[in-house]
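Asker:
Residue numbers (the working numbering): 139 to 805.
1. Taking the beta carbon of residue 799 as the centre, do at least 16 other beta carbons fall within 10 Å, making it buried, or is it exposed?
2. Pick helix, strand or coil for residue 122, following the three-state DSSP scheme.
3. Hey, residue 593 and residue 262: beta-carbon distance below 7 Å or not?
4. Check the Cβ-Cβ distances between residue 566 and every residue of chain C, and say whether any is below 7 Å.
5. Have a look at residue 791 and residue 782 and give me their C-alpha separation to the nearest angstrom.
6. Taking the alpha carbon of residue 366 as the reference point, which residue from 343, 655, 468 has its own alpha carbon closest?
7. In chain order, what residues of the same chain lie with their CB nearer than 7 Å to the CB of residue 713, ignoring the 5 residues before and after it?
8. Spell out a yes or no on whether the segment 207–215 and the segment 692–708 are touching, meaning 3 or more CB-CB pairs, one atom from each, closer than 8 Å.
9. Excluding five sequence neighbours on each side, which residues of the same chain lie with their C-beta closer than 6 Å to the C-beta of residue 467?
10. Check whether the Cβ atoms of residue 728 and residue 742 sit closer than 7 Å, and answer yes or no.
11. Expressed to the nearest angstrom, what Euclidean distance is found between the alpha-carbon atoms of residue 793 and residue 352?
12. Taking the CB atoms as reference points, tell me whether residue 409 and residue 355 lie closer together than 7 Å.
13. If residue 802 and residue 768 are in contact, beta carbons under 8 Å, what's the gap, nearest whole angstrom?
14. Identify which residue in 396, 553, 545 has its Cα closest to the Cα of residue 560.
15. Where does residue 740 sit, in a helix, a strand or coil, going by DSSP?
16. Apply the 10 Å Cβ neighbour rule to residue 748 and answer buried if 16 or more other Cβ atoms are within range, or exposed otherwise.
17. In angstroms with no decimal places, state the Cα-to-Cα distance between residue 483 and residue 384.
18. Specify, as a first and last residue, the run of the beta strand (DSSP E) that residue 463 falls within.
19. Using three-state DSSP, classify residue 245 as helix, strand or coil.
20. What does the alpha-carbon distance come out to for the pair residue 599 and residue 550?
21. So, at 7 Å on beta carbons, what are the nonlocal neighbours of residue 345 in its own chain, with the 5 sequence-adjacent residues on each side left out?
22. Between residue 304 and residue 518, what straight-line distance do the alpha-carbon atoms span, to the nearest angstrom?
23. Helix, strand or coil for residue 223 per DSSP?
24. Thinking C-beta only, is residue 223 closer than 7 Å to residue 269?
25. I think residue 185 touches residue 487, with their Cβ atoms under 8 Å apart; what is that distance to the nearest whole Å?
26. Which one of 430, 378, 414, 455 has the shortest CA to CA distance from residue 423?
27. Leaving out five residues on either side along the sequence, give the residues of the same chain with a beta carbon under 6 Å from the beta carbon of residue 173.
28. Would you check if the distance between the CB atom of residue 246 and the CB atom of residue 238 is smaller than 7 Å?
29. According to the neighbour-count rule (16 or more other Cβ atoms, all chains shown, within 10 Å of its Cβ), is residue 576 buried or exposed?
30. By the 10 Å Cβ neighbour count, where 16 or more other Cβ atoms means buried, how is residue 181 classified, buried or exposed?
31. Answer with buried or exposed for residue 179, where buried requires no fewer than 16 other C-beta atoms within 10 angstroms of its C-beta.
32. How big is the Cα-Cα spacing for residue 751 and residue 459?
33. May I have the straight-line CA-CA distance separating residue 341 from residue 772, to the nearest angstrom?
34. By how many angstroms is the C-alpha of residue 619 removed from the C-alpha of residue 151?
35. Apart from the five residues on each side of it in sequence, which residues of its chain come closer than 6 Å, Cβ to Cβ, to residue 322?
36. Return the residue from the list 607, 531, 401, 447 that minimises the CA-CA distance to residue 411.
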């Protein structure tokens, strides 16, 4: 879960609240001038390259080796299984589960930001970020930073940020692999990848295909994806390149069940004909350059997504399709310097995002153009960090952000909102500090304000037609302590988020609308622990306790829905001569059904525990492995939208036991 390197005092500094170490960056500059070969560098919390040992504040760092050892076949699974992030079963059969940092329920995907090498992947609609298109073998590591981060990442970063960092090229190296996997539910995957680097140029490509019937009837999922890119680099700072990722998905929708239906047969479906497809394309051009002591970087990305669906009922067939496009441009600059013997880092940048979507559909054979939505945003941010008292690794930082959103929407055939045009401006700020009073022990704390704006889907169905929802704002606070040495690392955090105008779907209001809730709160405790028992054995775990409640209004003191009070993820790993094994357990506490805002439902969604394991053995360049998910074949669900007394509970069953066998050849 946390980096397995067990770095002693260096890693204790890594969990401090200062996102990057200027002193290390200065050391990198010296190394580059000395002509050293290009080494591994990463995009960290400052949105600039830095030494990988210095992760963002209190971050959970998942390494490529941990991902491979766990048997996770996609990025989303790695974040859940190894990173300890709670996830909800996807509704479309894809592996893109809804990820939840700090208990934000069904809107969790809109309360965290996911970035790939610093480029935002989170959607401007009610859908999860598409991570299944990222080849798992291209990932170097994943940084999971919990807590408000709107200064650097803007809209929706109250719960935290998940930064996926791909492998960087080493000069004059080559790597390649072939991977084949098969298992129950007619699951299969084939993946071929290769990368080549010369003195100053590198290129890589990955082609993969996968399919599965999934656990339930009418829940097939098929995907073909390609990822490739090239870059020119001169040293650790100067580089320019591009990356493309494309995927074609076909899926069938099993739909929801009542509790009686779930108990009788959780694999059944009541929607045997519903289906859909998704085409996704991402192209990013990036560059970084050191000029007169300033680090200058920029990303220009374009994303296109086409979604089609078909639903069948007693009223007839309903078909819809939409196409969304997004452009993002993010130039930024960093200045490292010294002030009275202390190292200072100043980062400033702007973010420009343009998103648009057009929707068309047909009902009972009649075609129509349903809606169009557009959103533009522009933001400016600045963040300064001062590192003092090097013997005790003291750090203090402050940052501010201003972002303006311009949104419009039109749907002449809607039963709810038909049109709107609105401009909303929001501010974020943060103060952070950390200090090591004694060797190996770091204390840290932060205060800040983060925000989220309602997206086009949420504003299309509101309590008052043609009136968009108010932005959501959160005042964030966190204190923590971390102890790390060569054999163990333990980090504890206490956090609180006081939210105003939280954006949430309320099925009890006007037959179901998106609304601004009365003031709410998320507060709790998080524990990360890692113990290296000996050269072969290690244990790591992540625990979260969160109280999600209303703090004002008619439901004052009541618990929020679809938030497990406690979650735990733990793994035991063993590495021997040419072989390794990994066993993991995930436990989720009970939670309120999706419409139980008054906490009057006599039942709650049951708690559940799942178990997974993997064993792998190497024979030369071959690695053979066997793995199992939900080995106890637990019948459970993480999605349920109505109290058990309702007509339709809206239960989406999770997967049963699945065994897989895989082979990998490295060359």
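Even glycine gets a Cβ: it sits at the ideal position worked out from N, Cα and C.
Model, not experiment: these values are computed from the prediction.
Answerer: Per the coordinate set shown:
1. It counts as exposed.
2. There is simply no residue 122 to check, as the chain begins at 139 and stops at 805 in what is shown.
3. Between residue 593 and residue 262, the CB-CB gap stays under 7 Å.
4. Annotation note: the requested chain C is absent from the structure, which comprises a single protein chain.
5. Each residue's Cα considered, the two are about 15 Å apart.
6. Ranking 343, 655, 468 by Cα distance to residue 366 puts 343 first.
7. Once the five neighbours on either side are set aside, the close Cβ partners of residue 713 are 674.
8. With the cut-off at 8 Å, the segment 207–215 and the segment 692–708 do not touch.
9. These residues qualify, in order along the chain: 438, 490.
10. Taking 7 Å as the Cβ cut-off, residue 728 and residue 742 qualify as a contacting pair.
11. Between the alpha carbons of residue 793 and residue 352 lies a distance of about 7 Å.
12. In this structure, residue 355 does not lie closer than 7 Å to residue 409 by Cβ.
13. Wrong, their Cβ atoms sit about 23 Å apart, outside the cutoff.
14. Per the C-alpha coordinates, the member of 396, 553, 545 positioned closest to residue 560 is 545.
15. Assigned with DSSP and collapsed to three states, residue 740 falls in coil, not helix or strand.
16. It is buried - the Cβ of residue 748 has at least 16 other Cβ atoms within 10 Å.
17. In this structure, the alpha-carbon of residue 483 lies about 37 Å from that of residue 384.
18. Membership of residue 463 in the beta strand (DSSP E) is indicated by the continuous run 454–477.
19. Note: residue 245 maps to helix in three-state DSSP.
20. Residue 599 and residue 550 have their C-alpha atoms some 14 Å from each other.
21. Same-chain partners within the cutoff: 330, 364.
22. Looking at the two C-alpha atoms, the distance is approximately 26 Å.
23. Coil.
24. Judged by their CB atoms, residue 269 and residue 223 are not nearer to each other than the 7 Å cut-off.
25. Correct: roughly 7 Å between the Cβ atoms.
26. The option with the nearest alpha carbon to residue 423 is 378.
27. Only weak support is given to the placement of residue 173: the predicted model assigns it a pLDDT of 34, under 50, and the value that follows is read from those uncertain coordinates. Correct list: empty, nothing qualifies.
28. Judged by their CB atoms, residue 246 and residue 238 are nearer to each other than the 7 Å cut-off.
29. So residue 576 ends up on the exposed side.
30. Residue placement at residue 181 cannot be trusted, given a pLDDT of 41 that sits under 50; what the coordinates show is reported in the next sentence. When all chains shown are included, residue 181 counts as buried.
31. Per-residue confidence for residue 179 stands at a pLDDT of 39, beneath the threshold of 50, marking its modelled position as unreliable; the derived number appears in the next sentence. By the neighbour-count rule (16 or more Cβ atoms within 10 Å), residue 179 is buried.
32. Between residue 751 and residue 459, the C-alpha separation is close to 40 Å.
33. If you take the alpha carbons of residue 341 and residue 772, they lie about 44 Å apart.
34. In this prediction, residue 151 scores a pLDDT of 33, lower than 50, which makes its location untrustworthy; the coordinate-derived value is nonetheless stated afterwards. Approximately 11 Å between the Cα atoms of the pair.
35. A distance below 6 Å between beta-carbons, with the five flanking residues on each side excluded, links residue 322 to the following residues of its chain, in chain order: 796, 797.
36. Nearest option by C-alpha distance: 447.
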